[in-house]
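This report refers to the structure that appears directly beneath it.
Chains as they are written, first to last, in the working numbering: chain A, 56 to 354; chain B, 7 to 672.
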């Protein structure tokens with residue numbers, strides 16, 4: 056899959072990339088990054104944007120005293136400015152075996168979404184870390200920043216190998232252990248984890264990070280086009296399920312899919328996280344430019 | 007409705023149905039399909055099982071269709087039969103008409119073939135004595151083919167193959183139809199147990215199934231509303247119960263033209279001139295134009311184009327034809343009717359034949375001591391040679407060394423009974439010779455003739471009412487003699503066959519009777535010579551009705567030969583008495599008998615029956631004491647249901663395929 060593309064422009068299209076330049080990753084938190092970035096932080100610091108005045112206290116830096124106010128009022132006030140800090144964006148991409156299923160392939164759609172979000176993060180000088188997981192983290196490219204890192208990003212994304220079983224909780228533990236600062240974590244997956252997604256999402260949705268769960272399912276998973284007596288084989292763990300397709304069974308399946316997605320959505324809402332369900336046959340451009348903006352992940 | 011083999015189907019169902027369900031649930035060949043995760047599917051299956059434990063059976067249309075197909079197949083295997091007559095008889099007698107009218111082709115290929123097909127269908131619906139079916143319910147049938155005579159093709163049996171082969175062995179004939187013999191035979195056999203009678207004996211009444219066009223010579227009323235009153239007395243002995251005879255009418259009727267009478271004879275004055283009289287009849291409802299073609303030995307002699315009026319008041323349109331031709335030699339005359347319309351459904355009656363030997367006068371030897379009236383009477387007959395010899399001269403003749411041209415056709419013995427006689431034909435007045443086998447056991451006086459067979463050729467136009475015999479011998483005749491005239495207590499005229507010779511015995515001296523003064527005496531002499539001579543005997547013998555045996559006497563004993571008839575050649579052999587009998591005259595046409603060292607003899611067999619030529623099928627029969635109506639076509643026999651069940655199964659399979667392909671099973 057990835058061998059067909061040599062760079063992001065080829066994967067996403069130049070026009071789409073150009074439109075991505077106008078977007079930025081949105082977070083609802085006032086962030087505290089390590090480097091001065093282009094984003095207002097809660098910390099008052101050196102910048103050009105005035106925040107407020109406060110009375111001088113012993114030990115304050117005399118450089119921030121507003122001497123003009125002292126001249127008029129003869130009282131010492133400090134002039135505070137909002138400090139602009141950088142944003143850390145974590146993209147956690149599912150590359151387990153289940154993503155290879157579906158027509159069109161979920162893995163390609165996920166890769167496009169991850170590439171688009173990562174590109175947006177890079178062009179806005181955010182700190183970007185992209186991780187691929189299946190049975191734990193399989194690969195990671197960390198601390199990318201600026202357009203100069205697009206090459207590294209594309210080299211990582213376009214050379215990912217997908218397959219194998221998945222352990223979401225393990226991947227989340229590994230990611231959480233290496234995560235510092237604050238920012239946004241975007242999980243792109245089908246969230247079809249037999250051991251559950253709750254523990255993993257709990258780990259990722261800490262106070263310092265916004266979490267956005269982007270669930271991507273294929274049309275066949277949402278509305279199966281199956282018939283006959285089948286032995287369904289799980290591509291990740293080779294688990295078998297023998298079914299005789301009937302209308303009733305399909306009804307139950309669709310109800311279960313809807314319930315599963317609703318449950319995930321409700322879980323994310325309760326944790327203050329964002330959630331969006333997408334289909335692998337939807338155009339990535341529309342998802343990024345429209346749906347994700349509506350969901351508040353991008354602006 | 008009943009089933010021919012219910013236990014067979016039940017056994018198969020007991021095995022197949024659970025097997026199908028078992029295979030369906032346990033031995034499914036499932037298609038393997040990779041999916042992202044079985045997580046949601048397993049939940050769905052669990053939900054389904056919890057909420058609808060019988061969902062598979064209730065909503066799986068394909069399984070239901072498969073069960074339906076299986077049930078249809080099993081039912082077909084059980085051989086269901088719809089008994090449409092409502093009163094199933096366990097013993098059938100299949101009476102199949104093979105008379106001439108059954109050769110009509112108004113129903114294709116012919117009425118007889120259709121009748122055989124119908125009978126075969128009935129046989130096919132009989133319940134079989136399968137090991138898995140109810141053995142006591144096995145049906146039996148016998149097959150009787152009949153025309154003027156009935157013939158048992160197969161005795162009671164439940165072996166369908168045997169019955170069907172017996173039906174197939176029935177060959178078409180050109181004879182008339184008499185059903186009384188067939189019914190009497192069927193009832194006689196019907197009261198006897200069959201081959202597989204097992205528990206059922208003769209108490210089971212046999213159901214008579216008649217497959218015929220109803221053109222029965224002895225069962226009138228097909229168009230005669232008078233019914234029983236017009237029936238001959240022949241079937242008065244037939245007693246049928248209500249519903250015992252089922253009549254399956256065969257045929258649809260149509261146009262037919264046939265020759266119903268034909269006679270050819272040489273002129274008395276000019277034997278070389280032959281006159282042919284014929285009657286041609288039209289049995290259809292349309293005016294028919296046809297050519298009547300007369301041929302001599304295959305060469306057309308004359309053609310008359312005639313118009314035959316249509317049937318009116320149930321009487322056929324009849325036209326008489328007369329032909330005259332010079333015929334100095336013998337030959338076979340054929341009169342063939344060639345209708346110009348395409349519809350002529352019966353071919354057997356389209357032609358008639360007459361065999362005429364060459365004109366020939368007789369050589370007669372009168373052995374007498376002197377009998378003027380007899381000599382005068384013989385001289386009045388058209389004879390080639392009449393020799394008068396005294397008894398001594400006659401006894402001195404060595405017949406073994408007599409050349410053929412000096413032999414005699416008829417020898418008249420007047421009051422002379424030699425101890426030894428050559429083989430030949432004799433008219434004897436007085437005491438019978440020992441060679442005749444008859445003996446004179448006494449004498450009679452003052453006898454008058456009380457009765458005589460006026461329809462016998464010898465006594466044709468002979469009135470014997472005035473014959474008075476002052477003296478006569480009392481004859482004791484051999485067993486196979488025929489008495490032509492009778493005195494009060496003894497034969498007055500007798501025809502005796504013995505050791506290849508034929509004797510016409512008149513046990514009196516004609517000079518002691520008043521007969522020479524009667525005109526009938528000359529007539530008798532003329533008829534007697536004609537009958538006794540080869541010429542005379544063959545005239546009647548050479549044109550036979552269908553089925554009548556051909557016989558020829560005075561032949562070398564044990565001589566072998568062949569009879570070549572229409573479509574068949576039969577080997578024959580003369581018996582020890584020098585008589586040849588050939589009964590195989592079942593088809594119309596010309597037959598030729600060839601014996602070693604003897605000239606060939608030709609004879610003709612003709613239908614000449616208006617009853618058979620009228621091919622309009624009857625819908626009502628008067629048989630015995632019953633009026634029998636033809637069964638409606640849809641009520642004939644039993645209806646086998648297995649083809650419909652197989653069709654249902656096929657429809658089920660198609661439906662299953664359609665449902666599967668349209669995913670309607672979801």
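Note that CB positions come from ideal geometry on N, CA and C, so glycine has one too.
| request: Under the assumption that residue 361 of chain B contacts residue 549 of chain B (Cβ atoms under 8 Å), give the Cβ distance between them as a whole number of angstroms. | output: 6 Å
| task | Using a Cβ-Cβ cut-off of less than 9 Å, give me the residues of the segment 145 to 171 of chain B that come near chain A, in sequence order. | result | none
| task | Give the straight-line distance between the Cα atoms of residue 72 of chain A and residue 182 of chain A, rounded to the nearest whole angstrom. | result | 19 Å
| Given 8 Å, three or more beta-carbon pairs between the segment 370 to 379 of chain B and the segment 508 to 523 of chain B | yes
| field | Contacts that residue 46 of chain B makes with chain A (C-beta to C-beta distance below 7 Å) | value | 308, 311, 312 and 315
| said: Going by DSSP in three states, residue 350 of chain B sits in which element: helix, strand or coil? | reply: coil
| request: Please name the residue in B/533, B/392, B/349 and B/476 whose C-alpha comes closest to that of residue 461 of chain B. | output: B/533
| Three-way DSSP call (helix, strand, coil) for residue 331 of chain A in this model | strand
| query | Got a sec? Which residues, its chain only, sit under 6 Å from residue 120 of chain B by beta carbon, not counting five neighbours each side? | reply | 113 and 256
| message | What residue range does the alpha helix (DSSP H) around residue 307 of chain A cover? | response | 302 to 325
| said: Would residue 134 of chain A pass as an interface residue toward chain B - the criterion being a Cβ-Cβ separation below 9 Å? | reply: no
| query | Are there 16 or more other CB atoms within 10 angstroms of the CB of residue 117 of chain B, so buried, or fewer, so exposed? | reply | buried
| Buried or exposed: residue 156 of chain A, going by 16 or more other Cβ atoms within 10 Å of its Cβ? | buried
| field | Given 8 Å, three or more beta-carbon pairs between the segment 66 to 85 of chain B and the segment 166 to 186 of chain B | value | no
| field | CB contact check: residue 283 of chain A to chain B, cutoff 9 Å | value | yes
| task | Inspect the beta-carbon positions of residue 215 of chain A and residue 187 of chain A and report whether they are closer than 9 Å. | result | yes
| task | For residue 366 of chain A, return the contacting residues in chain B, with the cut-off set at a CB-CB distance below 7 Å. | result | Here chain A comprises residues numbered 56 to 354, so residue 366 of chain A is not present and cannot be evaluated.
| request: Flag this pair as touching only if the segment 257 to 272 of chain B and the segment 288 to 305 of chain B have three or more C-beta atom pairs under 8 Å; answer yes or no. | output: yes
| query | Can you name the residues of chain B whose CB is closer than 8 Å to the CB of residue 153 of chain A? | reply | 42 and 43
| message | Please state whether the Cβ-Cβ distance between residue 622 of chain B and residue 221 of chain B is less than 9 Å. | response | yes
| query | Looking at the unbroken alpha helix (DSSP H) that takes in residue 127 of chain B, where does it start and where does it end? | reply | 117 to 130
| message | Restricting to runs no shorter than 4 residues, where is the alpha helix (DSSP H) found entirely within the segment 186 to 243 of chain A? | response | 205 to 212 and 223 to 233
| Does DSSP classify residue 622 of chain B as helix, strand or coil? | coil
| residue 250 of chain A versus chain B: which residues are under 8 Å apart at the beta carbon? | Under the 8 Å cutoff, chain B gives no residues; its nearest Cβ is about 10 Å from residue 250 of chain A.
| Listing by chain order, which chain B residues have their CB less than 7 Å from the CB of residue 245 of chain A? | 42
| message | By the DSSP assignment, the beta strand (DSSP E) with residue 579 of chain B in it spans what residues? | response | 574 to 579
| request: Would you mind working out which of A/129, A/165, A/121 and A/347 sits nearest residue 136 of chain A, comparing C-alpha positions? | output: A/121
| request: Can you say whether residue 245 of chain B is buried or exposed, counting buried as having 16 or more other CB atoms within 10 angstroms of its CB? | output: exposed
| query | Using DSSP with H/G/I as helix, E/B as strand and the rest coil, what is residue 641 of chain B? | reply | A caution first: residue 641 of chain B carries a pLDDT of 45, below 50, which makes its placement in the model too unreliable to give a value.
| said: Could you check whether the Cβ of residue 219 of chain B sits closer than 9 Å to any Cβ belonging to chain A? | reply: no
| query | DSSP three-state call for residue 607 of chain B: helix, strand or coil? | reply | strand
| request: Give a yes or no on whether the C-beta atoms belonging to residue 242 of chain A and residue 268 of chain A are separated by under 9 Å. | output: yes
| task | With DSSP as the reference, label residue 42 of chain B as helix, strand or coil. | result | coil
| query | If you check the beta carbons only, do residue 218 of chain B and residue 617 of chain B fall under 9 Å apart? | reply | no
| Secondary structure of residue 105 of chain A, DSSP reduced to three states | strand
| Counterpart residues of residue 299 of chain A in DSSP-defined beta bridges | A/284
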